[in-house]
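Numbering (the working numbering), first residue to last: 190 to 686.
As structure tokens, then:
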């Protein structure tokens, strides 16, 4: 199988995509339309109350992005609009509902049409409400599987997960399926139905408590519950915890359905396709780049000798499409870690050097026109030392200043608020990313390596479906592509330090 054969696999096919408004979802839709304009139809399921609202969301949040500029240039504006009208069909629904929340007549018609389902819908926040994460990441996978089993002509269900369903385990982490109930803490069993009931019970208790609960109180309580339950079973955050649940439910429900699970590691901006450096917002390690740009933290936690397993978004999409073609109508389930650490490791040294080099070449300028001095943050190799340092050097003086400010009728309140926000931002980053700053696991990529070897050209440099991390120079990519992309899409107002 070569590039042409992979692209040809999608000719005259009908594909249903969930999560098309997400980062990877947009890339997937764009790539299919670009390499195979003869795809028969792309149904894009989006959360919306009606068809008109669904169409508007697709136009504004997907097709309206500059990601599609290459397609616009290729076909011309009129040709692009014609392509979209013929191929794209928005569906108003919800991944967290059975039958995607579709009307029964609409669902019945789709059962007879769909060839492939790509389930990419998810909430990716590390600190999301428990009920929201359960509905999207856990039940969403279950309902996608139930829907797929009703499709009479279905050739494949592809589920997008995350490599970090492994939590913070150490050693070689295999491309294997998760078993129902397994946890990351020895002696514990995960009862997903009990977790669903617990989330509803807590919500009900909040609403029926004396005086009721405000929306903000319920939101905070559900976020704290999600983090508490995740940590209880051994996961560092609610995102990876509920994504693991989704995989378990999928494995239990699938029967003999052909299933492929794609598990990317940390996803970065596009390497080359459709153009280098497309990204949305600041993602994972990108928050550190934004903070570096703002000089928002003088120190952090981690070890520069450690490997950061990251992979460009277009390589994730390319691996996804090749896997779909290879496993077309093939019974069984296969898991792919779309990763880089074993083939082309990115160390903290390379990452930090690229940031330093970029800001040395492109110094930041404050509102007063003066350049902002470039400082390398100090890294603490132990979290306890980091926390103690911040408490003594920053938090304690800040609170003393706050007390004085109160005595002087708020004289220093503006200064206090500014620096307290910076302190809170740093602590939020640490809370979200510290578990991965000391990550000692290594993702096995045996299946992905075999996928590259099993197809001619596909997966190699020069292929339109390149997903070979060896084709990258990390320093060059970070310096010339990724860091500027993050600052373009994720930068705050210039000079806001």
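Think of the CB as a built atom: it goes at the ideal place given N, C-alpha and C, for glycine as much as any other residue.
Near residue i, which residues of its chain fall below 6 Å by C-beta distance, leaving aside the five closest residues on each side in sequence?
i, result
"residue 350", "432, 436, 450 and 452"
"residue 334", "439, 442 and 443"
"residue 132", "Outside the modelled stretch of the chain, which goes from 190 to 686, sits residue 132, for which no answer is possible."
"residue 514", "195 and 198"
"residue 434", "327 and 381"
"residue 220", "506"
"residue 663", "535 and 539"
"residue 681", "In this prediction, residue 681 scores a pLDDT of 43, lower than 50, which makes its location untrustworthy; no coordinate-derived value is stated."
Closest to residue i by C-alpha separation, out of the options, would be which residue?
i, options, result
"residue 293", "608, 339 and 637", "339"
"residue 492", "571, 343 and 531", "571"
"residue 342", "297, 532 and 596", "297"
"residue 509", "525, 496 and 498", "525"
"residue 384", "309, 403, 644 and 414", "414"
"residue 302", "457, 208, 231 and 496", "231"
"residue 377", "291, 419, 409 and 394", "419"
"residue 278", "654, 247 and 288", "247"
"residue 650", "644, 252 and 658", "658"
"residue 669", "548, 387 and 583", "548"
"residue 258", "605, 462, 346 and 488", "462"
"residue 578", "490, 628 and 609", "490"
"residue 494", "469, 537, 465 and 522", "537"
"residue 611", "623, 291 and 584", "584"
"residue 638", "527, 253 and 653", "527"
"residue 233", "496, 244 and 606", "244"
"residue 191", "206, 580 and 648", "648"
"residue 361", "558, 643, 411 and 634", "634"
"residue 626", "357, 270 and 458", "357"
"residue 288", "268, 319 and 331", "331"
"residue 323", "336, 375 and 430", "430"
"residue 516", "211, 344, 353 and 533", "344"
Report back the beta-carbon spacing between residue i and residue j to the nearest angstrom; my notes put them in contact at under 8 Å.
i, j, result
"residue 504", "residue 567", "Not really, about 33 Å apart at Cβ, beyond 8 Å."
"residue 479", "residue 675", "6 Å"
"residue 481", "residue 317", "Between residue 317 and residue 481 the Cβ distance is about 26 Å, and since that is not below 8 Å, they are no contact."
"residue 309", "residue 208", "3 Å"
"residue 204", "residue 304", "6 Å"
"residue 631", "residue 569", "Residue 631 to residue 569, Cβ: 23 Å. No contact."
"residue 367", "residue 306", "With 8 Å as the limit, residue 367 and residue 306 do not qualify as a contact, their Cβ atoms being about 20 Å apart."
"residue 587", "residue 601", "No, residue 587 and residue 601 are not in contact; Cβ-Cβ is about 10 Å, not under 8 Å."
"residue 213", "residue 456", "7 Å"
"residue 235", "residue 252", "The Cβ separation is near 12 Å, so there is no contact."
"residue 392", "residue 411", "7 Å"
Using a Cβ-Cβ cutoff of less than 7 Å, which residues in the same chain neighbour residue i once the five nearest sequence positions on both sides are dropped?
i, result
"residue 225", "196, 199 and 200"
"residue 314", "428"
"residue 242", "281"
"residue 678", "468, 469 and 470"
"residue 745", "The chain is shown only over 190 to 686; residue 745 falls outside these bounds and no answer can be derived."
"residue 290", "282 and 283"
"residue 519", "447"
Looking at the structure shown, is residue i part of a helix, part of a strand, or coil, going by DSSP?
i, result
"residue 658", "helix"
"residue 342", "coil"
"residue 203", "strand"
"residue 232", "strand"
"residue 672", "helix"
"residue 597", "coil"
"residue 264", "helix"
"residue 640", "helix"
"residue 415", "helix"
"residue 443", "coil"
"residue 198", "coil"
"residue 692", "The structure shown does not extend to residue 692, since the chain spans only 190 to 686, so no value can be given for it."
"residue 285", "coil"
"residue 614", "helix"
"residue 592", "helix"
"residue 259", "helix"
"residue 451", "strand"
"residue 237", "coil"
"residue 499", "strand"
"residue 222", "helix"
"residue 210", "coil"
"residue 459", "coil"
"residue 685", "Low confidence applies to residue 685: its pLDDT is 31, below 50, so where it sits in the model is not reliable enough to give any reading."
"residue 425", "coil"
"residue 269", "helix"
"residue 586", "helix"
Could you tell me whether the Cβ of residue i comes closer than 8 Å to any Cβ of chain D?
i, result
"residue 245", "Judged by its chain identifiers, the structure shown contains no chain D, having just a single protein chain."
Given residue i, which residues of its chain have a CB within under 8 Å of its CB, disregarding the five upstream and five downstream residues?
i, result
"residue 256", "215, 216, 219, 463 and 467"
"residue 541", "493 and 565"
- Task: Entirely within the region 504-580 and at least 4 residues each: give me those alpha helix (DSSP H) ranges in chain order.
- Result: If only uninterrupted alpha helix (DSSP H) runs of at least 4 residues are considered, those enclosed by the region 504-580 are 537-550 and 572-579.
- What are the uninterrupted segments assigned as beta strand (DSSP E) that are 3 or more residues long and contained completely in the region 364-398, given in chain order? Taken in chain order, the complete beta strand (DSSP E) segments of 3 or more residues contained in the region 364-398 number zero; there are none.
- Task: Jot down the residue ranges of each uninterrupted alpha helix (DSSP H) in the region 307-361, minimum 4 residues, whole runs only, in chain order.
- Result: As far as the region 307-361 is concerned, its whole alpha helix (DSSP H) runs of at least 4 residues are 319-322 and 329-338.
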